Every structure is written in C-alpha cells, then in structure tokens.
Amino acid sequence: NAGVTQTPKFRVLKTGQSMTLLCAQDMNHEYMYWYRQDPGMGLRLIHYSVGEGTTAKGEVPDGYNVSRLKKQNFLLGLESAAPSQTSVYFCASSYSLGARTDTQYFGPGTRLTVL
Amino acid sequence: GENVEQHPSTLSVQEGDSAVIKCTYSDSASNYFPWYKQELGKRPQLIIDIRSNVGEKKDQRIAVTLNKTAKHFSLHITETQPEDSAVYFCAANTPSGGTSYGKLTFGQGTILTVHP
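This is how it looks when you write it as structure tokens:
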C-alpha cells in the first residue's frame, strides 16, 4: 500500500499561472481533504469530499477549486495563483465506517511557491 | 464554527523530563480529539487520539486526557527523548448533519525540542 500520495512535491509558479495538485489514495477511503499549512497557523481545511462526485468548502476555499471524479483521486486547482497561496499543501483521507471515520491519513505534502 | 487553541507554541525540555501540551476547544459537540506529530519536512502522523466518551488514554510514553466540562484536552509525554523533537498538533472533530463525519479543526502547533 502506497497510502496517500501527492504530485508534485515542489512547484514554483508566477502570479497568474494555474496548476493542479493531484492526491491519490489506495486505501479505499471515502473521505478526502485538502489542507494548507502556513507557519504558526496549523493546518487549515481548504476543501473536502465525502465521496466520489461530491465536494464541499472548508475554512479557506477562496482561490481554489477541487474535483473528485474518481474515488481514489482528489484534485486541487489554482486558476490564477497569487503570492498569498505560497504554502505547503497536504492531502488527507479517512474511512467512512463507524468510529474509524475520523482518523485522517496525510500525504507527503506539496511545497508551492508563487512569485 | 469550532475553534481550537493550543499552548504553548514552543516547549523546550531536557531529555528524560515530561512534556505537556494543552488545547481548548469551543464546540461542545466535538467528539474526537487526535494528536499529530510532524517532523521537519514530513507529513503529520497520528500518535494518539481520544473520543468524548473516554477521559484518559495511554500508549507507552504518551497519554491524552480529556475534560469535556472544561472543553480542554492535553498531551503528556513522559521520559522524553531527542527523537520526540517535532511539531505537535491537536485537533477536534465536530460531527456534521447527524453523521459521524466531521471536519477536523487544528490547533496552531507546538514546537517541542528535547535537549540531550
């Protein structure tokens, strides 16, 4: 099992450019999440999905879009990157049954710099 | 929505000492409280968690306590070792729409340094 993987690991963008971050999980998890991590601010939820074809906004959704076309993949898109989106992005996933729903497993992260 | 406050932001201890990190939460409906450890440049990894029907949970050198009345929970690490040095995050999960699923709200993190 690879667990949760993310592509790419690093990326540098210029202001206004677009890009897509890919998250994949092989644990058959229903729920998937995208977080951003900034110094001194912990992890903040951007968007999440409770199943294939469904997405919902988290705490800081502005400037991002997501899609969950396949159960194992969750894509995070930046249509027009801004310097304020410089951050480390983490994807996570969790089970959907009973008490195990809550435990989230994280990917290795993507370090994004917007110049 | 839920708000999680974590203290202290940095903690420095000598090897062998104990370390305690405290978190408070605002939503009384929160029912699941995980703790994550994040080493430099790595992903957050779950180290221990506790549910609202339990007051204390222990796993070797780490333990977590929960006070639902006061809405706070704490991480205790005993006999600290240099490899315990990392950033620790608490979180609270609030159920949504009558389902067990909820969104995790994280604390700001505590940088723990264990000096040999």
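Chain order of the listed sequences is B and A.
Heads up: the first sequence begins at 1307 in our numbering, then just goes up one per residue.
Heads up: the second sequence begins at 725 in our numbering, then just goes up one per residue.
C-beta: ideal position from N, C-alpha, C; glycine also.
Owing to the predicted nature of the structure, the values given are computational and were not obtained by experimental measurement.
Discussion item. Considering Cα atoms alone, identify which of 1341/B, 1391/B, 1346/B is closest to residue 1322/B.
Written reply: Comparing Cα positions, the closest option is 1391/B.
Item to complete: Specify whether the region 1372-1384 of chain B and the region 1333-1351 of chain B touch according to this definition: at least 3 beta carbon pairs, one from each stretch, less than 8 Å apart.
Response: The answer is yes - the region 1333-1351 of chain B touches the region 1372-1384 of chain B, with three or more Cβ pairs under 8 Å.
Worksheet item: Using the rule of at least 16 other Cβ atoms within 10 Å of the residue's Cβ for burial, across every protein chain shown, is residue 830/A buried or exposed?
Response: Looking at its Cβ environment, which holds 16 or more other Cβ atoms inside 10 Å, residue 830/A is buried.
Fill in: Own chain residues within Cβ distance below 7 Å of residue 1415/B, not counting five before or after
Cβ-Cβ distances below 7 Å link residue 1415/B to 1312, 1394, 1395, 1396 in the same chain, with the five nearest sequence neighbours on each side left out; the list follows chain order.
Worksheet item: Touch check for the region 728-748 of chain A and the region 791-801 of chain A: three-plus C-beta pairs under 8 Å?
Response: By the C-beta criterion, the region 728-748 of chain A is judged to be in contact with the region 791-801 of chain A, since at least 3 inter-stretch pairs fall below 8 Å.
Worksheet entry | Given residue 737/A as reference, the closest of 806/A, 773/A, 764/A, 726/A once Cα atoms are compared | Considering only alpha carbons, the answer is 806/A.
Practice prompt. List the residues that DSSP assigns as beta-bridge partners of residue 1310/B.
Written response: DSSP output for residue 1310/B lists 1331/B as bridge partner(s).
Fill in: Classification of residue 1324/B by the beta-carbon crowding that lies within 10 angstroms, buried from 16 upward
By the neighbour-count definition (other C-beta atoms within 10 Å, threshold 16), residue 1324/B is an exposed residue.
Worksheet item: Identify the residues that DSSP records as bridge partners of residue 734/A: which are they?
Response: Partner(s): 835/A.
Discussion item. Any heavy atom of the ligand MG closer than 6 Å to the beta-carbon of residue 766/A?
Written reply: As presented, the structure is devoid of all ligands, the ligand MG included, so that no description of it is given.
Practice prompt. Please classify residue 850/A: is it buried, with 16 or more other beta-carbons within 10 angstroms of its beta-carbon, or exposed?
Written response: What is shown of chain A runs 725 to 840, which leaves residue 850/A out entirely.
Practice prompt. Hey, could you find the ends of the beta strand (DSSP E) residue 1384/B is sitting in?
Written response: Counting along the chain, the unbroken beta strand (DSSP E) around residue 1384/B starts and ends at 1379-1384.
Item to complete: Could you tell me the boundaries of the beta strand (DSSP E) in which residue 1362/B lies?
Response: For residue 1362/B, the enclosing beta strand (DSSP E) starts and ends at 1360-1363.
Item to complete: Please list the residues of the region 738-768 of chain A that have a C-beta atom closer than 9 Å to any C-beta atom in chain B, keeping them in chain order.
Response: If you check each beta-carbon in the region 738-768 of chain A against every beta-carbon of chain B, the ones closer than 9 Å belong to 755, 756, 758, 760, 762, 765, 766, 767, 768.
Item to complete: Tell me whether the beta-carbon of residue 828/A lies closer than 7 Å to the beta-carbon of residue 809/A.
Response: The Cβ-Cβ distance between residue 828/A and residue 809/A does not fall below 7 Å.
Worksheet item: Between which two residues does the beta strand (DSSP E) containing residue 1368/B stretch?
Response: No beta strand (DSSP E) holds residue 1368/B; DSSP gives it neither H nor E.
Worksheet item: Which one of 1309/B, 1307/B, 1320/B, 1316/B has the shortest CA to CA distance from residue 1421/B?
Response: That would be 1320/B, whose Cα lies nearest to the Cα of residue 1421/B.
Discussion item. Using the Cβ count rule (16 or more neighbours within 10 Å means buried), how would you classify residue 833/A?
Written reply: Residue 833/A sits buried, since 16 or more C-beta atoms from the chains shown fall within 10 Å of its C-beta.
Worksheet item: With 7 Å set as the bound, which would you pick, yes or no: does the beta-carbon of residue 1351/B sit closer than that to a beta-carbon of chain A?
Response: Yes, because at least one Cβ of chain A sits closer than 7 Å to the Cβ of residue 1351/B.
Worksheet item: If we count the other Cβ atoms within 10 Å of its Cβ and call it buried at 16 or more, is residue 1314/B buried or exposed?
Response: By the 10 Å Cβ count, residue 1314/B comes out exposed.
Discussion item. According to DSSP, simplified to helix, strand and coil, what is residue 1390/B?
Written reply: Collapsing the DSSP output to three states places residue 1390/B in a helix.
Item to complete: Rounded to whole angstroms, what's the CA-CA distance from residue 728/A to residue 784/A? Just pull it up for me.
Response: So the alpha carbons of these two residues sit roughly 26 Å apart.
Practice prompt. Check the Cβ-Cβ distances between residue 1415/B and every residue of chain A, and say whether any is below 7 Å.
Written response: Yes, its Cβ sits closer than 7 Å to a Cβ of chain A.
Worksheet item: Where do the N-terminal and C-terminal ends of the beta strand (DSSP E) with residue 780/A fall, by residue?
Response: That run of the beta strand (DSSP E) goes 780-783.
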